[in-house]
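Have a look at the structure below before the remarks.
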Amino acid sequence: MLRHFKADAWQSLSWDAFAHQAAALARALRASGVAPGDRVLLVSESRPEVPIAEVALMAIRAVPVPAYTTNTPEDHAHLLLDSGARAAIASTAALAERVLAGANLVGGLDLLFTMDGSRGQALAPLLASDLPPDDVAAEAEDIPPGSLACIVYTSGTAGLPRGAMLPHRAILSNIAGIVTLARALKLNAAVYLSYLPLSHSYEHTVGLFILPALGAEIVFGRGVEHLAADLVAIRPTIFTVVPRVLEVIRSRLVSQVGRDKPWKQRLFDRTLQAGLRRIAGTRTLTDRALDPALDLLVRRKIQARFGGRSVAIVSGGARLPPELAHFFEALGLPIIQGYGQTEAGPVISVNLPGQARNHTVGPPLPGVDLRIAPDGEVLVRGGLVMDGYWNQPEATAGVLHDGWLHTGDVGRLDAGALVITDRKKDIIVLAGGENVSPARVEGVLMQEPEIAQAVITGDGQNGLSALLVPDEGQDATTVATAVARVNKRLSVTERIRRHALVPPFTIENGLLTASQKIRRAAVLRTHARALEPA
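What the sequence shown shows, in the numbering used here, is residues 1 to 534, in sequence order.
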């Protein structure tokens, strides 16, 4: 069922062992005083104890509240205070200390468990039992689909994170909706590499519930910093990415090719251009003739970096620029884009293998009603939609109307598939009244190898300005050259009039969320003076 890296080797956990441990922990948590409806903060890197703890808590009708390992004590204080959680499970002493520091700001904790036994009550002894799991499994079978399963907090790109209340039916709806994709990808025999934080709504549902429910083996990676090595070691058939990860991989690949001998650079470019023509449906006879050689000399070597047997690389969590998807597809890597929100289970739509049109995020999942409002906002209805934000009725009323979730995303339908064009609140209106999509322009800028991160501004101005983070080793001159290249491809309205170089946006400086999303408002606030006239 699961694999993880421990004691310098990959260790396995069977379905039977998982069931025994989850049932044992469920009994122990109840005996410790965890009652139905109690919220329990869960802070851990990816390891088997996370799904074991989540299933155990859900089985006794308690409510897991997953939290990022990068959270500060103040972040934990907000989650504890907002959710009302009085118990927590942390993996290590360092993470437990941060939870306790946050708890001390808001009234303390009643219960603390640690996976390594360093603080509070040790979790490991509670997993051992010779009793069969039948009693807990039978109890779980009686849980109503509409009861609360977990509270997953949003990334907080526009303010304090909000706790989305996901009932069991939301997760079950996502599982049912993925069945068609499961058949196409043979997910019952898949090997899935899970390396994104399990507190991220996307990985939380996909890695902990959807794929295990369909029979896939889940391999918990050693973190994004070990991704390259884990891909080669595990050779996954499927894994998920956020666009930022693909941007980094593309940038490194282009840089490496740039250091190769000229003939190798030409060969790579020939492969890329032939692949792009295939995607566009304009393949030449020469392309067809050379394809076997290009597969052998270039594509297979690049595919080997991803393990060599990828059936699908699923992108989600943020808008994937079509140019970025096409880059990898042209090199023979099967990119499939999906779309979702924490408030919707989170999966709303996904492309199918062989039918992927990566300017879209695919058709809605079966059982999902989707429509476009008159102002272009994407509205969603169905069993996947949350019950609301925990303890925030006004915020709930702002996004749920007559059963429809107002996503805040702007989009359109293209032959039944959804195209996301922007965030409703992020549209820039220039002084002349022209509407500009910052996401599109930022995406084009970050396609350039010299630019690592970009944020566009210009509301009420005569033109757009950009805050740019240079890629490693790049300077002001190379970035200016990249901006000039981009401007030639943009409309007059979209062109960058002024730009400034700024330090990287990171989780540590508060300009990047734990799920790798740029906090646009925070970036603009922090670097407000960078674009002022000298």
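Here a beta-carbon is modelled for each residue, glycine too, at the ideal position from N, C-alpha and C.
- In this structure, L405 places its C-beta atom within 9 angstroms of the C-beta atom of E343.
- Bridge pairing for Y153: G163 [DSSP].
- Exclusion of the five residues before and after R162 leaves Y153, T154, Y389, Q392 and A395 as the residues of its chain whose Cβ lies within less than 7 angstroms of its Cβ.
- In summary, A31 is exposed, with fewer than 16 beta-carbon neighbours lying within 10 Å of its beta-carbon over all protein chains present.
- For K6, the beta-bridge partners assigned by DSSP are A9.
- By the CB criterion at 9 angstroms, V410 and R423 fall inside the cutoff.
- With contacts defined by Cβ atoms closer than 9 angstroms, I249 and W10 do not form a contacting pair.
- Check the Cα spacing between S315 and each of R489, L333, R305 and V257: the tightest is with L333.
- By DSSP's assignment, Q337 forms a beta bridge with S315.
- Counting of Cβ neighbours within 10 angstroms places A312 among the buried residues, the total reaching 16 or more.
- Between G510 and A528, the C-beta gap is not smaller than 9 angstroms, which leaves the two residues out of contact.
- In the same chain as L272, and ignoring 5 residues on each side of it, the C-beta atoms closer than 8 angstroms to its own belong to F327, A330 and L331, in chain order.
- For the 9 angstroms CB-CB criterion, E203 and T240 form a contact.
- Taken in chain order, the complete beta strand (DSSP E) segments of 3 residues or longer contained in the region 396-445 are 404-414 and 417-423.
- Counting along the chain, the unbroken beta strand (DSSP E) around L111 starts and ends at L111 to T114.
- Contact between I451 and L467 is ruled out by a C-beta separation of about 11 angstroms, above the 8 angstroms threshold.
- Ranked by how close their Cα comes to the Cα of N351, the residues G345, G338 and H359 have G338 in first place.
- Under DSSP, the beta-bridge partners assigned to F239 are L193 and I313.
- Between the alpha carbons of D38 and G383 lies a gap of roughly 24 angstroms.
- According to DSSP, residue pairing for Q453 in a beta bridge involves V469.
- For D116, the CB contacts under 6 angstroms within the same chain, skipping 5 residues up- and downstream, are T92 in chain order.
- Taken through DSSP and simplified to helix, strand or coil, H499 comes out as strand.
- Proximity of the region 65-74 to the region 102-119 meets the contact definition, three or more beta-carbon pairs being nearer than 8 angstroms.
- Judged by DSSP secondary structure, I507 falls outside any alpha helix (DSSP H); it is assigned neither H nor E.
- L253 is positioned such that its CB atom lies no closer than 9 angstroms to that of I335.
- Going by beta carbons, A19 and A137 fall inside the 9 angstroms limit.
- Rounded to the nearest angstrom, the gap between the Cα atoms of V380 and A176 is 17 angstroms.
- The region 206-216 makes no contact with the region 355-367: fewer than 3 CB pairs, one atom from each, lie closer than 8 angstroms.
- The residue from R498, P449 and V486 with its alpha-carbon nearest to that of P470 is P449.
- Cβ contact annotation for D110 (same chain, cutoff 8 angstroms, sequence separation greater than five): G33, R86 and A87, in chain order.
- Of the candidates T282, I518 and G84, the residue whose Cα lies closest to the Cα of R319 is I518.
- In the structure shown, V219 falls within a strand segment according to DSSP collapsed to helix, strand and coil.
- Under the 10 Å beta carbon count, P236 is surrounded by 16 or more other beta carbons and is classified as buried.
- The C-beta distance from T407 to Q453 rounds to 24 angstroms, too long to meet the 8 angstroms contact threshold.
- With a cut-off of 8 angstroms on Cβ pairs, the region 113-130 is not in contact with the region 63-70, counting fewer than three such pairs.
- Annotation: the continuous beta strand (DSSP E) that includes L379 extends over E377 to R381.
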